[in-house]
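**Student:** Please read through the structure below; I'll follow up with questions.
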Amino acid sequence: MVGSGPGDPGLITVKGAECIKKADIIIYDHLVSKELLKYAKEGAEIIYVGKEGSRHTLEQDQINDLIVKMVGQEKTVVRLKGGDPFVFGRGGEEAMCLVERGIVFEVVPGITAAIAAPAYAGIPVTHRDYTSTLGLITGHENPNKGGSALPWDKLSTAVGTICIYMGVKNLPYIVGELVKNGRPKETPVAIIRWGTTSRQETVVGTLEDIVEKSKDISPPAITVVGEVVKLREHLNWFEARPLYGRTVVVTRARDQASDFARELEELGATVIEFPTIKITEPADISPLDEALKNLGSFHWVVFTSVNGVDAFFRRLSHLGMDARELKGVKICAIGPATADEVGRYMLKVDCQPSKYVAEAVLEELKKKEDLRGKRIMLPRADIARSFLPEGLKKLGAEPVDITAYRTVLADIGDEKLIDRLTVGEVDVVTFTSSSTVRNFVQLIGKENLTKLNGKLRFVSIGPITTETAKELGVNISLEAKEYTIPGMVKAIEEMLGS
Ligand code: SAH
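Residue numbers for the sequence shown follow my numbering, so the first one is 3 and each next one is one higher.
Put into structure tokens, the structure is as follows:
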């Protein structure tokens with residue numbers, strides 16, 4: 003039984019993550035971050051048993067039966083639960099069910115929402131100047147059932163800070179009980195929805211006005227009652243980040259999106275991954291194979307993308323060779339990410355321009371040496387521009403342009419995204435190459451594009467991408483000064499950050 007933590011996938015414990023990696027079967031709940039499922043090993047069976055308000059995919063008995071059945075098959079099962087499994091998560095019941103059947107289990111505690119959500123809203127649940135007592139309670143009671151299971155008369159004034167789980171629906175009742183039983187109506191209250199995630203929202207008020215102020219808040223939310231709420235005024239670190247509350251769409255290929263997404267999320271943005279391109283092998287791989295078999299005949303290999311580097315080495319290895327074949331061949335990388343990728347194969351680059359476009363590659367190579375008669379390999383995308391080979395030819399070199407990989411249109415994964423774009427839910431769409439623009443326009447359709455221009459902002463990684471965007475009628479609001487992912491992040495931060 004593993005606690006997943008409150009929402010931010012980084013808040014799982016080291017032990018919890020190790021359990022997920024080992025599991026044959028993972029049974030997870032509604033409030034568990036889907037990001038955590040990335041730890042699952044290949045072939046692991048992943049089963050969703052979420053209960054969202056009154057909509058249950060499985061009733062608790064069925065969940066218990068399912069766990070017992072899976073364990074019975076001698077598989078390692080991780081029961082992944084939101085927050086901590088033993089805090090209002092019915093983890094105790096599930097564990098009891100295992101004990102009754104003689105099943106061996108362990109419990110990995112998680113960070114519970116009542117501590118984490120306030121922390122991310124700038125509220126320490128205890129503080130020596132305010133209170134040394136803390137109570138965790140559930141607000142999920144049926145007030146019509148006649149009589150409350152909670153001793154409100156004792157509770158209301160017994161502890162300084164009261165954190166209430168599942169209290170959104172019953173908030174008027176809860177607030178009423180607290181005041182009726184002696185808690186001053188001026189007591190500060192905060193309600194934190196989707197705490198620790200990029201969707202976090204916080205409403206602050208007092209017992210007197212919080213019901214009115216939080217009318218639009220729906221679950222999941224934690225309610226914090228107590229003087230400590232006042233500290234938020236000074237300690238609100240998470241919501242103060244520059245891109246908090248902003249939504250950014252990343253259109254890169256799925257396996258390349260995560261670094262970019264993480265950098266944006268660290269600044270507080272909500273990121274929607276909308277991969278518009280997919281990287282595949284070229285239709286005809288033989289030109290690449292031929293060139294790799296004759297690597298020694300080249301003076302230079304010029305890499306103009308991370309994908310080019312990967313395709314090059316993957317194929318080299320496939321042919322039974324390795325990096326030693328590059329002895330005596332000089333390497334040029336268009337920019338820092340490409341150079342880093344080359345570095346992953348323990349190789350250094352001999353040439354890297356200070357501007358990350360083909361024009362600058364040409365300038366820099368020219369400075370390095372007289373290129374006349376030099377064979378230069380260009381392992382690139384099928385749709386790469388002809389500028390570089392033509393320029394090299396003009397200098398008397400012998401460029402060999404090779405299609406090392408192909409950029410194809412991705413499937414539109416999320417049909418709803420187009421609606422989300424058009425209703426104004428998104429602030430920025432990012433383009434990291436010309437093909438991302440081309441495919442984006444194709445996927446969303448020209449008619450939708452017209453609606454988007456002016457409604458949200460398009461950001462481009464550099465001049466070539468901007469050029470393509472212009473040709474296709476996409477109004478670029480901003481171009482990165484440095485043509486890299488970090489350069490784009492910086493540009494977005496400057497544009498939107500307050
Ligand atoms: N075992 C969980 C609690 C499960 S009960 C834990 O330890 O956190 C579900 C309730 O937890 C929700 O109704 C809400 O009140 C609270 N909750 C869970 N995740 C939350 C989050 N990210 N932000 C705010 N409240 C959350």
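We treat Cβ as the ideally placed atom computed from N, Cα and C, and that holds for glycine.
(1) Tell me which residue opens and which closes the alpha helix (DSSP H) that cysteine 21 is part of.
(2) Any heavy atom of the ligand SAH closer than 7 angstroms to the CB of proline 465?
(3) Suppose contacts are defined by Cβ-Cβ distances below 8 angstroms. Is proline 87 in contact with glycine 5 by that definition?
(4) According to the Cβ coordinates, are valine 231 and isoleucine 212 closer than 8 angstroms?
(5) So which of Arg254, Ala339, Ser436, Gly270 has the shortest CA-CA distance to proline 244?
(6) Out of curiosity, what's the CA-to-CA distance linking phenylalanine 90 and valine 177?
(7) Does DSSP put valine 252 in a helix, a strand or coil?
(8) Between Gly197, Tyr122, Pro222, which lies nearest to lysine 171 when the distance is taken from Cα to Cα?
(9) Please output, in chain order, the residues near the ligand SAH using a CB cut-off of less than 7 angstroms to any non-hydrogen atom of the ligand.
(10) CB-CB under 6 angstroms to valine 410, same chain, minus the five flanking residues each way: which ones, in chain order?
(11) Let's test the definition: count the other Cβ atoms within 10 Å of the Cβ of threonine 225 and tell me whether it reaches 16, buried, or not, exposed.
(12) Give me the Cα-Cα distance between arginine 254 and glutamate 275, rounded to the nearest whole angstrom.
(13) Can at least three beta-carbon pairs, one atom from the stretch 199-210 and one from the stretch 181-191, be found at a separation below 8 angstroms?
(14) DSSP on isoleucine 333, reduced to helix/strand/coil?
(15) Mind checking which residues open and close the alpha helix (DSSP H) that includes glycine 345?
(16) How many Å lie between glutamine 202 and valine 303 at the Cα?
(17) Could you give the DSSP three-state label for histidine 301: helix, strand or coil?
(18) Can the beta-carbon of alanine 263 be found closer than 8 angstroms to that of proline 277?
(19) Does DSSP put threonine 409 in a helix, a strand or coil?
(20) Can you give the beta carbon distance from isoleucine 466 to threonine 434, rounded, assuming they're within the 8 angstroms contact cut?
(21) Assuming glycine 85 and threonine 59 are in contact, meaning their beta carbons sit under 8 angstroms apart, how far apart are those beta carbons, in whole angstroms?
(22) By DSSP, does tyrosine 485 sit in helix, in strand, or in coil?
(23) Let me know the secondary structure DSSP gives glutamate 188 once reduced to three states.
(24) Using a Cβ-Cβ cutoff of less than 7 angstroms, which residues in the same chain neighbour serine 436 once the five nearest sequence positions on both sides are dropped?
(25) Based on Cα-Cα distance, which residue from Lys71, Arg382, Lys492 lies nearest to valine 308?
(26) What number of angstroms, rounded off, separates the C-alpha of glutamate 235 from the C-alpha of aspartate 429?
(27) Within 10 angstroms of the Cβ of glutamate 343, are there 16 or more other Cβ atoms? Answer buried if so, exposed if not.
(28) How about glutamate 403 and leucine 380: do their beta carbons lie closer than 8 angstroms?
(29) Helix, strand or coil, according to DSSP, for lysine 453 in the structure here?
(30) In the structure shown, what three-state DSSP assignment does glycine 7 receive?
(31) Skipping 5 residues on each side, what residues in its chain have a beta carbon closer than 6 angstroms to that of arginine 459?
(32) Quick check on glycine 84: does DSSP put it in helix, strand or coil?
(33) Checking 8 angstroms against the spacing of the C-beta atoms, do glycine 337 and tyrosine 175 come in under that value?
(34) Helix or strand or just coil, what does DSSP make of tyrosine 358?
(35) I'd like the ranges of any alpha helix (DSSP H) spanning at least 4 consecutive residues and lying wholly in the stretch 139-215.
(36) Once the 5 residues before and after leucine 474 are set aside, which same chain residues still bring their CB inside 7 angstroms of it?
**Tutor:** The structure says:
(1) 16-24
(2) no
(3) yes
(4) no
(5) Gly270
(6) 20 angstroms
(7) strand
(8) Pro222
(9) Gly5, Pro8, Gly9, Leu33, Lys83, Gly84, Gly85, Asp86, Pro87, Val89, Phe90, Gly91, Gly112, Thr114, Ala115, Ala116, Ala119, Tyr167, Met168, Gly169, Ile194, Arg195, Trp196, Gly197, Thr198, Thr199, Pro221, Pro222, Ala223, Ile224
(10) Lys280, Thr282
(11) buried
(12) 8 angstroms
(13) yes
(14) strand
(15) 338-345
(16) 48 angstroms
(17) coil
(18) no
(19) strand
(20) That pair is no contact at about 11 angstroms.
(21) The Cβ separation is near 19 angstroms, so there is no contact.
(22) coil
(23) coil
(24) Ile466, Thr467, Thr470
(25) Arg382
(26) 27 angstroms
(27) buried
(28) The sequence shown places aspartate at residue 403, not glutamate. Contact flag set, yes.
(29) helix
(30) strand
(31) Val430, Ser479
(32) coil
(33) no
(34) coil
(35) 154-160, 173-182, 212-215
(36) Val439, Arg440, Val443
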